[in-house]
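See below for the structure under consideration.
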Amino acid sequence: MITNARARFVRVSARKARLVLDQIRGKSVGDALATLQFTPRAAARLIEKVLRSAVANAEHNHQVRNLDDLRVVQAVADGGPSLKRVQPRAMGRAFFIKHRTSHLTIAVSDEVNGTRGGLTRPRHLRVRRLPAPGPAVAAPAARPPRGKGRAKSKEKK
């Protein structure tokens, strides 16, 4: 069963959060928590909170008892609204600062009988399968070589 947890309007840029999320995606929850604990980035503390919330949601909402089976199947950092600030500069100029926010989403799932519990890849990451080869189609007839019908180029004197 897939269980989600989401933290919205987090004061960390999505780009910085993705660096940490890429390290835990696909790992078991225990490994992911250990990785986050020793990651020296501010985003790691925030992502750890969201991951613990996803585990608590799995326990409470879906009665998952064996937490060793949970895996991080989705970890996404989407951009949120930016807080715009102005920093005064020399000669009356203004320098604009954008404090970026993000929306963190983590999904955990327990594996069911060795299968991935009906998980699918996101649509933009799916591999497109080519259709099975059908009966061979005859190649079009070869064109006759061009010969007399072509105009001759003029030679320079």
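Here our numbering is used: the first residue of the sequence shown is 2, the next is one more, and so on. Where is the CB? At the ideal position from N, CA and C, for every residue including glycine. Computed from a predicted model, the values in this text were never measured in an experiment.
(request) Look at the alpha carbon of VAL109 and the alpha carbon of PRO89, and state the distance between them as a whole number of angstroms. (result) 45 Å
(request) Would you mind working out which of THR36, GLU156 and GLY31 sits nearest VAL21, comparing C-alpha positions? (result) THR36
(request) Starting from the Cα of ARG12, find the closest Cα among THR4, ASP79 and LYS28 and give me that residue. (result) ASP79
(message) So if DSSP puts ASN6 in a beta bridge, which residue, or which two residues, is it bridged to?
(response) Rather than Asn, the amino acid found at residue 6 in this sequence is Ala. BP columns for ALA6 point to ILE107.
(message) Going by DSSP in three states, LEU131 sits in which element: helix, strand or coil?
(response) coil
(message) Suppose the cutoff is 8 Å on Cβ atoms and the five residues either side in sequence are ignored; what does the same chain contact list for ARG52 look like?
(response) In the sequence as displayed, the identity of residue 52 is Leu instead of Arg. Excluding sequence neighbours, LEU52 sits near ALA6, ILE25, VAL30, ALA33, LEU34, LEU37, VAL73, ILE107 and VAL109.
(request) Consult DSSP for SER83 and reduce its assignment to one of helix, strand or coil. (result) The answer is coil: DSSP assigns SER83 none of H, G, I, E or B.
(request) Compare the beta carbon distance of LEU47 and ALA59 with 8 Å and say whether it is the shorter of the two. (result) no
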